[in-house]
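**Student:** Can you keep this structure in mind? I'll have questions shortly.
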Amino acid sequence: MSEGDLLHVVTADRITDQRRLAGRFVIWGSVAVLGLTALLKSLQEAGTISLPWATWQPVLYAYVLFGVCLCWGQVILKGEQGKRLVFVLPAALFTVAMVIFPLIFGLTIAFTDWNLASLSGRKFNGLDNIRQMWGDPFYWNAMTNMVWYVLAIAVEYAIAFGLALLLNAEIRARKFFRVAFLLPLMLSPVAVSWMIGKSMMELRFGPVANFARWLGWDSPSFFGSAGVARTSIMVMDAWTFIPFMMIMILAGLQAIPKELHEAARVDGASAWQNFWEVTFPLMLPVSITAILIRVIFKLKLADIIINVTSGGPGGATDSVTSFIFREYRDRSNVGYGTLLAMVYLVIIVIAMTILMKLADRWMRPRY
Amino acid sequence: MTTTQIFHDTPADKGFRARWWTGRVAIYAVLILWAAICLFPIYWTISTSFKAAPDVMKGHIVPWVDFAPKWLGWRSLGMSPDTIGQESTVRAEFLKRFWNSAVVSLSASALAVLMGSLAAYGLSRFSYKFGFMKNADISFFFLSQLILPPVVLALPFLVLYKEVGLLDTRIGLILIYTLSVMPIVIWIMRDQFASIPTELEEAALVDGLSIWGAFLTIILPIALPGMVAAFILSLVLTWNEYFFAALLTSTNAVTLPVMVASQTGSQGISWWSMAALSFAAILPLIVIGVVLERYIIKGMAAGAVK
Chain Z
1 MSEGDLLHVV
11 TADRITDQRR
21 LAGRFVIWGS
31 VAVLGLTALL
41 KSLQEAGTIS
51 LPWATWQPVL
61 YAYVLFGVCL
71 CWGQVILKGE
81 QGKRLVFVLP
91 AALFTVAMVI
101 FPLIFGLTIA
111 FTDWNLASLS
121 GRKFNGLDNI
131 RQMWGDPFYW
141 NAMTNMVWYV
151 LAIAVEYAIA
161 FGLALLLNAE
171 IRARKFFRVA
181 FLLPLMLSPV
191 AVSWMIGKSM
201 MELRFGPVAN
211 FARWLGWDSP
221 SFFGSAGVAR
231 TSIMVMDAWT
241 FIPFMMIMIL
251 AGLQAIPKEL
261 HEAARVDGAS
271 AWQNFWEVTF
281 PLMLPVSITA
291 ILIRVIFKLK
301 LADIIINVTS
311 GGPGGATDSV
321 TSFIFREYRD
331 RSNVGYGTLL
341 AMVYLVIIVI
351 AMTILMKLAD
361 RWMRPRY
Chain U
368 MTTTQIFHDT
378 PADKGFRARW
388 WTGRVAIYAV
398 LILWAAICLF
408 PIYWTISTSF
418 KAAPDVMKGH
428 IVPWVDFAPK
438 WLGWRSLGMS
448 PDTIGQESTV
458 RAEFLKRFWN
468 SAVVSLSASA
478 LAVLMGSLAA
488 YGLSRFSYKF
498 GFMKNADISF
508 FFLSQLILPP
518 VVLALPFLVL
528 YKEVGLLDTR
538 IGLILIYTLS
548 VMPIVIWIMR
558 DQFASIPTEL
568 EEAALVDGLS
578 IWGAFLTIIL
588 PIALPGMVAA
598 FILSLVLTWN
608 EYFFAALLTS
618 TNAVTLPVMV
628 ASQTGSQGIS
638 WWSMAALSFA
648 AILPLIVIGV
658 VLERYIIKGM
668 AAGAVK
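Residue numbers (the numbering used here), protein chains in the order written: chain Z, 1 to 367; chain U, 368 to 673.
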């Protein structure tokens, strides 16, 4: 993004001292209201004063008021310049309140021993959680599983690319196929886990099991052994998300000018060369974007696992998210669960930064 | 008089045509195979909702040939023709969850599109400076929310929502869903606004409109298809969301996926009613997928092609 506005606006805003004073008053007044509400509520929590407030909700309202006043104050203070800020401010304030604040709060509970089910409440326990995490085989097992799940994206990508090529070919009923291929993405993972995981892969009479039996697999138990169960989860997840990559790649394919292929054919390129030396390199940026977004979605994988196997057999299918989910559901262990999540976040951020740096290097054309 | 054929296909041409035909057949075979893979689970769910126990056990597939369709599944939901007029607690429960899902996903998507579009427009037109953050940093700040896995926020939110009194309320879910889809909206809309030439607003400004006036009357109508795409995509994601809903709701604000999931866990539940429930839960999105497919594809393709 270049410096300076793309859209230049010249306005003759005459901002008087009085107006500036009013703007400051609006902003700082709302800050004061927010601070006062928070202070009163904390005093009530501490038992110094008594108020009719059951929860911290008034502080939330005060924050909303502060947001509105901040936007309004900007317009009063800076005139036309302030009006530009109002485009971005709501989203920024919202995101800060919903992400930064909970993250900081999360950090404070990550180092405590806090079980919501026990009455003792929250206790600071220093690095105990980290020590426990270090010795928790199930957590590291879930991490290893995530590596497998992410690696499965390579296969998904190959299939998605193939399907996109087919859809881009000259075929009839293209719209029908496009809609049909898109539908799995519309279905909720929970419904998918029942429809496919619990019903179609059912050992006794599910159609997939029957089909596997017909192929010669005697007891097609899809969730019995570790490797098979993990593959089954991968297949279900792939089924829902292949359309996503397919559509992105298809959009990329349609943006390639026809002349390039014609030129390649005139130069005597075979169909394979046409694909491998023209289409594929041109598709590299789109492919990398699609894969990166898919990786991001894959790292959130949980719904199917929670509903189909709940991590079993023996944690073989656990993703980090589903593991922490059960850590909370079964043991109400908020402190430890938060620490695990925070560590996961740090690992993800490091891994994604490296991936994006690498992708950036690959995306530069090498001439 | 007999006509003689003057032009003949040489053997080389015939070979070419044969190759062309095998290519066609192979393409359609793969297309049909994959279409079957995509559609069969949906078909299986619909057909199972009309099966009785023996039909499920024997793995019957084709209605009227293999098995006689019955309204069993839909009757247990209270939505078969003979029970639709009567009182049904299951149906009431289902409709309540459906309503929750609809309210939450529609308002979260609307809120995300509103705030996200404004932010995307601002970022594509003006240069900002918040402390050390310039435009590129602000964009990155918004888009980086996409990387944040929900599990990181889940437990802090659980505790905070309890303190704020938003646990098990629709507003709480709406807020967190808005947060989760806003990066995607900004991603799509930034692309959309970047493709609109600034000359349009400049002309409007010369004619005496303010920035906001130009945005609302000139730019918004042009960017509307992109906004619809972002809205639909958000709708799909929020309607299907399970993780936060499972953690943050218990009785009042339970959404449809949570209801479906809670039924899956119980052993006593019958196949046909589970199938009917699943199908009822995915039906709205199947309809959206078929009718608004154009917008969904447009939304997902945004950003892929520069």
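The beta carbon of each residue, even a glycine, is placed where N, CA and C say it ideally should be.
Just so you know, these numbers come straight off a predicted model, no measurement behind them.
Give the straight-line distance between the Cα atoms of residue 557 (chain U) and residue 574 (chain U), rounded to the nearest whole angstrom.
**Tutor:** Translated into the one-based positions of the second sequence, residue 557 (chain U) becomes position 190. Translated into the one-based positions of the second sequence, residue 574 (chain U) becomes position 207. Their backbone Cα atoms lie some 26 Å apart in a straight line.
**Student:** One question on the structure: do residue 541 (chain U) and residue 474 (chain U) come within less than 7 Å of each other, judged by their Cβ atoms?
**Tutor:** Working through the second sequence from its first residue, we reach residue 541 (chain U) at position 174. Working through the second sequence from its first residue, we reach residue 474 (chain U) at position 107. Yes. Within cutoff.
**Student:** When you compare the CB of residue 281 (chain Z) with every CB in chain U, is at least one pair closer than 7 Å?
**Tutor:** For this step, residue 281 (chain Z) is matched to residue 281 along the first sequence. Cβ-Cβ to chain U under 7 Å: no for residue 281 (chain Z).
**Student:** State the Cα-Cα distance for the pair residue 494 (chain U) and residue 569 (chain U), rounded to the nearest angstrom.
**Tutor:** Here residue 494 (chain U) refers to the residue found at position 127 when the second sequence is read from its first residue. Here residue 569 (chain U) refers to the residue found at position 202 when the second sequence is read from its first residue. Going by the C-alpha atoms only, they are around 16 Å apart.
**Student:** In or out: residue 492 (chain U) buried (at least 16 other Cβ within 10 Å) or exposed?
**Tutor:** On the second sequence, position 125 is the one that residue 492 (chain U) refers to. With 16 or more Cβ atoms within 10 Å of its Cβ, residue 492 (chain U) is classed as buried.
**Student:** Just the Cα atoms here: how many angstroms apart are residue 488 (chain U) and residue 560 (chain U)?
**Tutor:** Along the second sequence, read from residue 1 onward, the residue named residue 488 (chain U) stands at position 121. Along the second sequence, read from residue 1 onward, the residue named residue 560 (chain U) stands at position 193. When rounded, the distance between both Cα atoms is 6 Å.
**Student:** With DSSP collapsed to three states, give me the class of residue 298 (chain Z).
**Tutor:** Walking along the first sequence from the start, residue 298 (chain Z) turns up at place 298. Helix.
**Student:** Rank Z:265, Z:205, Z:263 by C-alpha distance to the C-alpha of residue 425 (chain U) and give the top, closest one.
**Tutor:** Walking along the second sequence from the start, residue 425 (chain U) turns up at place 58. Nearest option by C-alpha distance: Z:205.
**Student:** Any Cβ of chain U within less than 7 Å of the Cβ of residue 56 (chain Z)?
**Tutor:** As a working note, residue 56 (chain Z) is residue 56 in the first sequence. Closer than 7 Å to some Cβ of chain U, the Cβ of residue 56 (chain Z) qualifies, so yes.
**Student:** Within the 7 Å Cβ cut-off, does residue 83 (chain Z) reach chain U?
**Tutor:** Residue mapping note: residue 83 (chain Z) aligns to position 83 of the first sequence, counting from 1. Interface residue, yes.
**Student:** Could you check the C-alpha separation between residue 237 (chain Z) and residue 468 (chain U) for me, to the nearest Å?
**Tutor:** Indexing the first sequence from 1 puts residue 237 (chain Z) at position 237. Indexing the second sequence from 1 puts residue 468 (chain U) at position 101. Between residue 237 (chain Z) and residue 468 (chain U), the C-alpha separation is close to 23 Å.
**Student:** Can you check which of these residues, U:466, U:647, U:657, is closest to residue 447 (chain U) by C-alpha distance?
**Tutor:** Against the second sequence, residue 447 (chain U) aligns to sequence position 80. Taking only the C-alpha atoms, the option nearest residue 447 (chain U) is U:647.
**Student:** Residues of chain Z with a CB under 8 Å from the CB of residue 523 (chain U): which are they?
**Tutor:** Indexing the second sequence from 1 puts residue 523 (chain U) at position 156. By Cβ distance, chain Z contributes 102, 103, 105, 106, 109, 338.
**Student:** Please report whether the beta-carbon of residue 603 (chain U) lies at a distance below 7 Å from any beta-carbon of chain Z.
**Tutor:** One-based indexing of the second sequence puts residue 603 (chain U) at position 236. Closer than 7 Å: yes.
**Student:** Under 7 Å between beta-carbons, which chain Z residues line up against residue 607 (chain U)? List them in chain order, please.
**Tutor:** As a position in the second sequence, residue 607 (chain U) is number 240, starting the count at 1. Result: 188, 189.
**Student:** Using the rule of at least 16 other Cβ atoms within 10 Å of the residue's Cβ for burial, across every protein chain shown, is residue 607 (chain U) buried or exposed?
**Tutor:** The residue labelled residue 607 (chain U) in the question sits at position 240 within the second sequence. With 16 or more Cβ atoms within 10 Å of its Cβ, residue 607 (chain U) is classed as buried.
**Student:** For a test of the three-state rule: what should DSSP assign to residue 360 (chain Z), helix, strand or coil?
**Tutor:** Translated into the one-based positions of the first sequence, residue 360 (chain Z) becomes position 360. Note: residue 360 (chain Z) maps to helix in three-state DSSP.
**Student:** Taking 7 Å as the CB-CB limit, is residue 168 (chain Z) close to chain U?
**Tutor:** Counting from one through the first sequence, the residue named residue 168 (chain Z) turns up at place 168. Not closer than 7 Å to any Cβ of chain U, the Cβ of residue 168 (chain Z) fails to qualify, so no.
**Student:** Would residue 98 (chain Z) pass as an interface residue toward chain U - the criterion being a Cβ-Cβ separation below 7 Å?
**Tutor:** On the first sequence, position 98 is the one that residue 98 (chain Z) refers to. Yes, residue 98 (chain Z) counts as interfacial toward chain U.
**Student:** Taking only beta-carbon positions, decide if residue 570 (chain U) is within less than 7 Å of chain Z.
**Tutor:** Sequence index remark: in the second sequence, residue 570 (chain U) carries index 203 (1-based). Residue 570 (chain U) does not count as touching chain Z.
**Student:** Span of the alpha helix (DSSP H) holding residue 369 (chain Z)?
**Tutor:** Here chain Z covers residues 1 to 367 and nothing more, so residue 369 (chain Z) does not appear.
**Student:** Under the rule that 16 or more other beta-carbon atoms within 10 Å means buried, what is residue 123 (chain Z), buried or exposed?
**Tutor:** Counting from one through the first sequence, the residue named residue 123 (chain Z) turns up at place 123. Result: exposed.
**Student:** Taking the runs of the alpha helix (DSSP H) that are 4 residues or longer, which of them lie wholly in the segment 215 to 275 of chain Z?
**Tutor:** Correct list: 226 to 255, 258 to 266.
**Student:** Quick check on residue 16 (chain Z): buried or exposed, where buried means 16 or more other Cβ atoms within 10 Å of its Cβ?
**Tutor:** Position 16 of the first sequence, counted from the start, is the residue given in the question as residue 16 (chain Z). So residue 16 (chain Z) counts as exposed.
**Student:** Tell me, please, whether the CB atom of residue 645 (chain U) is closer than 7 Å to any CB atom in chain Z?
**Tutor:** In the second sequence, counting from the first residue as 1, residue 645 (chain U) sits at position 278. Chain Z, which has a Cβ nearer than 7 Å to the Cβ of residue 645 (chain U), makes this yes.
**Student:** So, does the CB of residue 662 (chain U) fall closer than 7 Å to a CB anywhere in chain Z?
**Tutor:** Residue mapping note: residue 662 (chain U) aligns to position 295 of the second sequence, counting from 1. Taking Cβ atoms only, chain Z never reaches closer than 7 Å to residue 662 (chain U), which makes this a no.
**Student:** Just list the residues that DSSP pairs residue 500 (chain U) with in beta bridges.
**Tutor:** Here residue 500 (chain U) refers to the residue found at position 133 of the second sequence. U:497, per the DSSP bridge assignment.
**Student:** Output needed in chain order: residues of the segment 297 to 319 of chain Z with a Cβ under 7 Å from some Cβ in chain U.
**Tutor:** Listed by position, the residues of the segment 297 to 319 of chain Z near chain U (Cβ gap below 7 Å) are 299, 300, 302, 303, 307.
**Student:** Can you pull the chain U neighbours of residue 262 (chain Z), defined as C-beta to C-beta under 8 Å?
**Tutor:** Along the first sequence, one-based indexing puts residue 262 (chain Z) at 262. Neighbours of residue 262 (chain Z) on chain U: none; closest Cβ ~18 Å, over 8 Å.
**Student:** Kindly list, in the order they appear in chain U, the residues whose Cβ is closer than 7 Å to that of residue 62 (chain Z).
**Tutor:** Numbered from 1 along the first sequence, position 62 holds the residue referred to as residue 62 (chain Z). The premise fails here: residue 62 (chain Z) is roughly 12 Å from chain U at the closest Cβ pair, so nothing lies under 7 Å.
**Student:** Would the C-beta of residue 95 (chain Z) count as close to the ligand SAH, meaning under 6 Å from any of its heavy atoms?
**Tutor:** With respect to small molecules bound, the structure shown includes none, and the ligand SAH cannot be examined in it.
**Student:** Would residue 360 (chain Z) be called buried (16 or more neighbouring beta carbons within 10 Å of its own) or exposed?
**Tutor:** Taking the first residue of the first sequence as position 1, residue 360 (chain Z) is located at position 360. Exposed is the call here.
**Student:** Verify whether the separation of the beta carbon atoms of residue 296 (chain Z) and residue 233 (chain Z) is less than 7 Å.
**Tutor:** Looking up residue 296 (chain Z) in the first sequence gives position 296. Looking up residue 233 (chain Z) in the first sequence gives position 233. Against a cut-off of 7 Å, the Cβ pair of residue 233 (chain Z) and residue 296 (chain Z) comes out as no contact.
**Student:** Would you mind telling me which residues of chain Z sit closer than 9 Å to residue 424 (chain U), beta carbon to beta carbon, in chain order?
**Tutor:** Translated into positions along the second sequence, residue 424 (chain U) becomes position 57. In chain order: 204, 205.
**Student:** If you draw a straight line from the C-alpha of residue 356 (chain U) to the C-alpha of residue 200 (chain Z), how long is it?
**Tutor:** Nothing can be reported for residue 356 (chain U): it is not among the residues displayed for chain U, which extend from 368 to 673.
**Student:** Buried or exposed, going by whether 16 or more other CB atoms sit within 10 Å of the CB of residue 61 (chain Z)?
**Tutor:** As a working mapping, residue 61 (chain Z) is identified with position 61 in the first sequence. Flag for residue 61 (chain Z) reads exposed.
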